[in-house]
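Peer 1:
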Amino acid sequence: EKVRRNPHKITNLFTGYHCTPYVVFRALLRCGLAQKDLASVLPTWGRKDVHHLVAHFLQIRFPILLALNKADSSGAEKRANKVRKSHPGETIMEMCARGEWQMRKSIRKNQLSPLPRG
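To convert, note that position 115 of the sequence shown is 1308 in the numbering used here; the numbers rise steadily by one, no gaps.
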């Protein structure tokens, strides 16, 4: 109710997640709401709108990567496509332990340079 009376305090609802107001405003933008429109639009929101805001906020604040192992096995491409269809918009990365092992072996033999960390 406090947020309905003073919509610009919406960022206070997310302080427990140790994020900047910018993260909240990015989530609001994903909901189609610009910061300048808070006072007029936010008081009209219902549960569904709040749910969408929270979902977008969580995606921004706690991004998830779906790692699909065994990318070198038969049928991997078909399974990966199935996951992509069932989880649209998610970041998906195909990987395989054998490829990782070969890469590390090549780095040890100085046949490959590792990417710099940082």
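Ideal Cβ positions, reconstructed from N, Cα and C, are used throughout, including at glycine. None of these values were measured; they are calculated from a predicted model.
1) Any contact of the segment 1244-1258 with the segment 1210-1224, i.e. 3+ C-beta pairs under 8 Å?
2) Specify, as a first and last residue, the run of the beta strand (DSSP E) that ALA1260 falls within.
3) Check this for me: beta carbons of VAL1217 and THR1237, under 7 Å apart or not?
4) Would you call the segment 1300-1307 and the segment 1269-1281 in contact, with 3 or more CB pairs under 8 Å?
5) Is DSSP giving MET1286 helix, strand or coil here?
6) According to DSSP, is PRO1281 part of a helix, a strand, or is it coil?
7) Going by alpha carbons, who is nearest to ASP1265 out of GLU1293, HIS1201, ASP1230 and LYS1298?
Peer 2: Judging by the given coordinates:
1) yes
2) Position 67 of the sequence shown, counted from the start, is the residue given in the question as residue 1260. From DSSP, the beta strand (DSSP E) with ALA1260 extends over 1258-1261.
3) Stepping through the sequence shown from its first residue, residue 1217 is reached at position 24. Stepping through the sequence shown from its first residue, residue 1237 is reached at position 44. Cβ atoms of VAL1217 and THR1237: not closer than 7 Å.
4) no
5) Start at 1 with the first residue of the sequence shown, and residue 1286 comes out as number 93. Strand.
6) Residue 1281 sits at position 88 when you count from the first residue of the sequence shown. Here PRO1281 sits in coil by DSSP.
7) Within the sequence shown, numbered from 1, the residue matching residue 1265 stands at position 72. Closest option to ASP1265, Cα to Cα, is GLU1293.
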